[in-house]
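Here the structure comes first, spelled out in structure tokens, and everything after it is commentary.
Number of protein chains: 2
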Amino acid sequence: MATLTLDEIYQLAYQSLRQAGADDANAAAVATTVTHAERDGSASHGLFRIPGYLKSLLSGKVNGNADPQPEHITPVVIRCHGNNGYAPLALQRAIPALAEAAKTYGIAALTLTHSHHFAALWPEVEALAEHDLMGFSCVSYKPVVAPAGGNEALFGTNPIAFAWPRPGRSPLVYDMATAAMAQGEVQIAARDGHSVPLGTGLGPDGELTTDPQDILKGVLLPFGGHKGSAIAMMVELMAGPLVGESLSFETDERDTPDGGPPQGGQFLLAVSPQVMGETDWAARAEGLFSRLEAMEGVRLPGQRRHTLRKDTGSRAVNDSLLADIRQLAPQV
Amino acid sequence: MATLTLDEIYQLAYQSLRQAGADDANAAAVATTVTHAERDGSASHGLFRIPGYLKSLLSGKVNGNADPQPEHITPVVIRCHGNNGYAPLALQRAIPALAEAAKTYGIAALTLTHSHHFAALWPEVEALAEHDLMGFSCVSYKPVVAPAGGNEALFGTNPIAFAWPRPGRSPLVYDMATAAMAQGEVQIAARDGHSVPLGTGLGPDGELTTDPQDILKGVLLPFGGHKGSAIAMMVELMAGPLVGESLSFETDERDTPDGGPPQGGQFLLAVSPQVMGETDWAARAEGLFSRLEAMEGVRLPGQRRHTLRKDTGSRAVNDSLLADIRQLAPQV
């Protein structure tokens with residue numbers, strides 16, 4: 003493992019993206035997202051994603067000079083056409099307008115279309131919570147998850163993210179796949195020879211298995227059986243038809259499989275407890291959190307990320323990952 | 003079992019509520035909700051609830067003459083103070099305004115407070131879908147579910163309901179507890195001597211058990227482990243602090259335990275795919291549904307209810323339930 007400071011991580015991401023064809027604004031937005039993931043201990047959304055970003059620039063699938071312009075469809079619905087670029091710049095430009103609308107009207111939504119999302123979802127909902135808003139977001143992807151009861155992939159891993167503001171403190175944030183396990187985790191278990199819990203997925207024979215190798219040849223399952231499957235389906239609808247974008251299977255059909263992110267949609271919701279609820283909304287929610295924290299065995303979601311964030315020192319980065327990045331961006 | 007026509011079911015519900023002190027508007031709204039549940043095969047939300055409704059009127063906990071008046075806080079946020087009555091009349095009055103706002107602005111929310119919810123959630127989201135809107139709603143209750151990792155009840159069964167409009171067809175609708183199993187189902191399993199799946203709940207010793215008797219002395223668990231628990235927590239926040247109402251544990255603290263529904267909050271969200279998405283939103287969603295329906299072993303949520311609804315004939319009703327109702331409302 004190599005050791006890189008957060009600034010070195012940012013520079014590596016930024017410079018390699020620039021070299022592969024992204025302009026300053028897009029490279030900076032993606033590099034910031036990647037650096038924040040490394041900072042918060044989410045290696046799977048950090049530099050690990052850079053090779054995919056670079057490949058999708060080099061193949062011409064993604065527009066590295068995208069100039070997304072958010073527009074109000076109504077006072078409370080903002081649409082951002084991603085201009086075939088990456089999501090981070092579009093989100094950076096659109097979230098202030100979303101937050102402003104939600105603070106004024108109590109509720110607002112942002113639809114991001116024609117965009118390539120390849121990052122964690124928590125940054126955007128956390129940004130909303132920093133405006134004292136409740137945030138919710140979801141994206142679909144390409145089919146890797148079978149609906150409960152079935153054995154054919156139809157849903158993406160379809161993550162949802164949720165954030166609740168805690169004035170004066172780090173917000174409560176979670177971001178989770180509606181698949182039983184994220185695909186990257188199954189890949190890591192397969193690489194390391196570990197088994198996975200029964201219910202994670204089906205082998206190529208359509209039967210439950212604890213062998214991650216078999217699941218990679220078969221299909222993942224939603225978390226939580228039929229109920230989780232119903233939520234994965236809701237994500238398909240919200241990130242697809244609701245916002246005028248594709249379902250996971252349609253995304254797959256039009257994708258250039260270059261290792262980078264496909265084009266799809268994203269739905270974001272911002273709600274103001276200040277406008278909608280009563281004045282004691284924050285204190286009331288803290289009453290729930292303190293009861294949760296007092297319970298043995300229970301953790302508030304997102305706490306680990308905020309703890310790791312306090313460490314401003316270096317991060318360990320996989321050597322072969324660095325080699326992969328330098329192969330794709332030789333002058334970095 | 004007795005056999006009652008849907009009209010007899012309505013009259014039994016309406017007259018018993020009237021006799022226990024509800025006025026015409028409230029009795030009619032509750033009786034309609036109860037009759038629709040019986041019609042759709044959801045006995046646990048049908049006449050089965052009437053004894054609890056009657057007890058809460060007779061104890062004076064619920065205001066049977068509530069006159070809820072929805073008001074716009076902003077053009078897209080409607081608040082309805084329930085006036086300490088049952089939810090159905092408040093919802094009946096507020097949903098048209100919610101639908102109108104969502105159709106005009108693309109997204110809108112309704113907060114229902116100081117209300118007693120004792121019915122299924124699907125009627126309100128289905129009503130939104132009939133306006134060609136996507137609907138989402140949730141309520142909390144009293145603590146019966148432990149957060150994942152814990153063994154003390156903190157969350158209610160905290161159902162969420164979701165509906166997607168299908169122009170020209172019955173909407174897609176689901177309504178599910180975020181508990182692994184609804185409490186009524188555990189009670190029925192205990193009564194009938196059946197075991198329940200491991201993961202449904204913990205016994206009084208805090209250990210997993212398949213014995214529903216033990217779970218009723220212990221605590222239910224959320225569906226889907228930590229992920230389901232995160233969703234149950236989201237419901238606590240949405241139906242509580244977000245709308246200016248109590249968390250499940252606060253609801254319990256102020257409740258009069260008379261067998262009827264406690265006072266709490268409800269959050270409803272309505273979103274227009276017509277405003278937000280593109281013109282082909284309906285056809286695109288049908289593409290997903292037809293793929294789901296074509297998969298062996300997969301069912302679209304809500305289909306069973308809509309099939310049962312087509313039968314306009316009589317429904318079987320438990321004799322001892324009828325006796326209970328007639329004991330509480332002797333002149334019926």
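Line by line, the protein sequences are chains H and P.
The numbering used here numbers the first residue of the first sequence as 3 and each following residue consecutively.
The numbering used here numbers the first residue of the second sequence as 3 and each following residue consecutively.
For glycine and all other residues, C-beta sits at the position ideal for the given N, C-alpha and C.
Cβ shell of residue i (< 6 Å), same chain only, five flanking positions each side left out
i        : result
Gly261/H : Gly54 and Lys57
His196/H : none
Asp216/H : Gly205
Asp69/P  : Asn85
Gly227/P : Ala150
Ala163/P : Leu123, Trp124, Val127, Ser139 and Asp177
Thr7/H   : Ser316
Ala103/P : Val78 and Ala110
Thr129/P : A small correction: the amino acid at residue 129/P is Ala; Thr does not occupy that position in the sequence shown. If we look at Ala129/P and ignore the five residues flanking it on each side, its Cβ neighbours are Ile97.
Residue i versus the options, residue with shortest Cα-Cα distance
i        : options                                  : result
Arg306/H : Phe164/H, Gly170/H, Leu174/H and Ile75/H : Leu174/H
Leu93/P  : Glu126/P, Ser142/P and Asn67/P           : Glu126/P
Asp134/H : Gly87/H, Ala296/H, Met278/H and Thr309/H : Met278/H
Asp313/H : Ala131/H, Glu252/H, Arg41/H and Lys229/H : Arg41/H
Gly170/P : Pro243/P, Glu154/P and Glu288/P          : Glu288/P
Trp166/P : Val64/P, Gln276/P, Glu73/P and Thr212/P  : Gln276/P
Asn86/P  : Ala96/P, Thr212/P and Asn67/P            : Asn67/P
Leu100/H : His38/H, His118/H, Glu73/H and Pro145/H  : Glu73/H
His119/H : Ala89/H, Thr106/H, Val147/H and Pro224/H : Ala89/H
His83/H  : Ile75/H, Tyr107/H, Thr115/H and Val64/H  : Thr115/H
Leu210/H : Leu324/H, Gly152/H and Leu290/H          : Gly152/H
Lys105/H : Thr113/H, Glu132/H, Arg95/H and Leu91/H  : Glu132/H
Met236/P : Leu49/P, Ala191/P, Ala179/P and Ala331/P : Ala179/P
Gly48/H  : Ala121/H, Ala232/H and Tyr107/H          : Ala121/H
Ala182/P : Leu323/H, Phe225/H and Ala284/H          : Phe225/H
Leu330/P : Ser44/P, Glu154/P, Ile80/P and Arg51/P   : Arg51/P
Pro259/P : Leu323/P, Glu298/P and Leu59/P           : Leu59/P
Proximal chain P residues relative to residue i, where beta-carbon distance stays under 8 Å
i        : result
Phe225/H : Gly226, Gly227, Lys229 and Gly230
Arg293/H : Leu156 and Phe251
Arg301/H : Gly151
Phe164/H : Ala232 and Met236
Val79/H  : Tyr107, Gly108, Ile109, Val277 and Met278
Leu93/H  : Those within 8 Å of Leu93/H in chain P number zero; the least Cβ separation is about 17 Å.
Leu222/H : The premise fails here: Leu222/H is roughly 14 Å from chain P at the closest Cβ pair, so nothing lies under 8 Å.
Same chain, Cβ closer than 7 Å to residue i, neighbours up to 5 away in sequence not counted
i        : result
Met3/H   : Ala318, Val319, Asn320 and Asp321
Glu295/H : Leu302
Lys2/P   : The question about residue 2/P has no answer here: the residues shown for chain P are numbered 3 through 334.
Thr37/P  : Leu8, Ile11, Tyr12 and Ala15
Leu323/P : Leu49 and Phe50
Ala33/H  : Tyr12, Ala15, Tyr16 and Leu19
According to DSSP, residues forming a beta bridge with residue i
i        : result
Glu132/P : Partner(s): none; Glu132/P has no beta bridge.
Asp177/P : Ala163/P
Ile80/H  : His74/H and Leu112/H
Ala4/P   : Val319/P
Leu290/P : For Leu290/P, which the question treats as bridged, DSSP gives no partner whatsoever.
His118/P : Tyr88/P and Gln265/P
Phe157/H : Val147/H
Pro2/P   : Limits of chain P in this structure are 3 at one end and 334 at the other, which puts residue 2/P out of reach.
Ala272/P : Ala110/P and Gly137/P
Gly62/H  : Answer is none; Gly62/H lacks a bridge partner.
Leu210/H : Leu204/H
Residues near residue i by beta carbon distance below 8 Å, same chain, minus five either side
i        : result
Ala241/H : Cys140, Val141, Ser142, Asn160, Glu247, Gly266, Gly267, Gln268 and Phe269
Glu252/H : Gly242
Val334/P : Leu14, Gln17, Ser18, Gln21, Ile327 and Arg328
Val188/H : Val198, Thr202, Gly203, Pro214, Ile217, Leu218 and Leu222
Asn65/H  : Asn85, Asn86 and Gly87
Neighbour list for residue i in chain H, Cβ cutoff strictly below 8 Å
i        : result
Arg256/P : Per Cβ cutoff of 8 Å: no residues; Arg256/P is ~13 Å from chain H at best.
Trp283/P : Pro243, Leu244 and Gly246
Leu114/P : Near Leu114/P there are no residues of chain H at all, since even the closest Cβ is about 12 Å away, more than 8 Å.
Chain-ordered chain H contacts of residue i [CB-CB under 7 Å]
i       : result
Thr76/P : Tyr107, Gly108 and Val277
Contact set between residue i and chain P, taken where Cβ atoms lie within less than 7 Å
i        : result
Tyr176/H : Ala232
Met183/H : Per Cβ cutoff of 7 Å: no residues; Met183/H is ~10 Å from chain P at best.
Within chain H, the residues that residue i reaches when beta carbons sit closer than 9 Å
i        : result
Ala287/P : Glu238, Leu239, Gly242, Pro243, Leu244 and Leu249
Ala1/P   : The first residue shown for chain P is 3 and the last is 334, placing residue 1/P beyond what the model contains.
Leu2/P   : Residue 2/P lies beyond the range of chain P shown here (3 to 334); nothing can be said about it.
Met297/P : Ala148, Pro149, Gly151, Gly152, Asn153, Glu154 and Leu156
Cβ-heavy atom distance, residue i to the ligand FAD, below 7 Å
i        : result
Ala284/P : This structure simply doesn't include the ligand FAD, nor any ligand for that matter.
Identify each residue in the segment 127-154 of chain P for which the Cβ-Cβ distance to at least one residue of chain H is less than 9 Å, and report them in chain order. Listed by position along the chain: Met136, Phe138, Ala148, Pro149, Ala150, Gly151, Gly152, Asn153 and Glu154.
To be precise: take each residue of the segment 231-247 of chain H, compare its Cβ to all Cβ atoms of chain P, and keep it if any distance is under 9 Å. Which residues remain? The segment 231-247 of chain H vs chain P, Cβ under 9 Å: Ser231, Ala232, Ile233, Met235, Met236, Glu238, Leu239, Met240, Gly242, Pro243, Leu244, Val245, Gly246 and Glu247.
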